[in-house]
Each structure stands twice: as C-alpha cells, then as structure tokens.
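Beneath this line is the structure, given in structure tokens, with notes to follow.
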Amino acid sequence: HHLTSFHLLPAQWLSDVIDSIKSDDPDSKLCSTRRSAGVPFFVQAVTSTEPATGGRKCFHSVMKELLILALSHVREDRLQSSQAQVHALNILRALYRDARLGEEVVPYVADGLKASILGFKSEQWAVQNSATLLLSALMTRMFGVKRSKDETNMSKKNCQTGRAFFHHYPSLYPFLLS
1 HHLTSFHLLP AQWLSDVIDS IKSDDPDSKL CSTRRSAGVP FFVQAVTSTE PATGGRKCFH
61 SVMKELLILA LSHVREDRLQ SSQAQVHALN ILRALYRDAR LGEEVVPYVA DGLKASILGF
121 KSEQWAVQNS ATLLLSALMT RMFGVKRSKD ETNMSKKNCQ TGRAFFHHYP SLYPFLLS
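Under full-length UniProt numbering, think of the first position of the sequence shown as 1, with each following residue one higher.
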C-alpha cells in the first residue's frame, strides 16, 4: 500500500503545481518574475524522470495543460491570468530544452510555436518576454544548435526546406498564413 501511494506522488505534485498556476489566488507562492523561479525546473525534474515504460502519462498531461494555458487569450486587464500564461510559457521552455525528453516533446512543438508567436501580441511585457525565450528554445529544438564556427557555411547546417518544415509541423502552415 505504501509503495502504491509513493508511486502516485509525482502525479499529485504536478497536479498541485498546475492547479496553483491556474488559480487566481493573489496569495499564491508562485513568482512569475525571474522566469518563474524554480517552478520550471521542478516540473522538468518530475516529468523527465518519469519512466518511459508507463507511456509518460504525467508528461503528456502536463504538456496539454500548459499549452492550454499558454495559448489562452488572456484579458489583458487580468494580471493574474497573464501570470498563469507566463508560468506556462516558462515551464514549456524548460521542457522543450530538456534533452532527456528527446522525441517526447516533438508532437507539442507546433502548438508551442503558436503560443510563442501569439504571446508577442500580449500587452503584458512579462508574456512577451517569456514568449521570446520560448521561441528561442523552440528554434533550437527544431533546427538544432550551431555546430560550426564557420559563419560562411553555417547556412548549410541547421536548416531545412519549407517543404520539410511544414511536413514536420503541418498545422503551422495555415497558422502562419493567417
């Protein structure tokens, strides 16, 4: 019985964090400054160490919840709800950057890019800033890091054709055109 309840703790912790982010509680202990402080690293630590043999249910659940928050069109006069969006963008950034999650994050890249781009339209500076940081992480995830110091030939590395890009992320084509 103790092992069963112990096994359920990570899912409960993640649920508690998501609930705290969603709440409009002004007394929330979460801090949206300093890139959400340690919250992204906590979520990253719990999700990236989840055994892959179980299908990483916690990871997939958290990604879906965070993307809903990140993609939500926030009423700009509600600072608290924009803080939820900032936390979501910051946590997503940490998850997209985590090499341990590898291919697990790939199905969520297109929605992450949408959240990042839509975040630029926010009137809240904190949302714009977090969206920019997320975009940087996604560019690295999609195209890789610069591996060569040879600036003249760099264009041959870390790139792909538009056809290949939209084959990988088909939902981005209509989104970027709209």
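The C-beta atom is built at its ideal place from N, Cα and C for all residues, glycine as well.
All of these numbers come straight from a predicted model, not from anything done at the bench.
Ranking Lys64, Ser48, Thr161, Thr140 by CA distance to the CA of Leu95 puts Ser48 first. One thing to note: Leu92 has its Cβ within 9 Å of the Cβ of Leu66. Going by DSSP, Glu65 is part of the alpha helix (DSSP H) stretching over 57 to 71. Comparing alpha-carbon positions, the option among Tyr173, Pro170, Ser116 lying closest to Ala70 turns out to be Ser116. In terms of CA proximity to Gln12, Cys58 leads the group Cys58, Val39, Ser23, Glu123.
Under the three-state reduction of DSSP, Glu123 is assigned to coil, being neither helix nor strand. In this structure, DSSP gives Pro51 a state outside helix and strand, which the three-state scheme calls coil.
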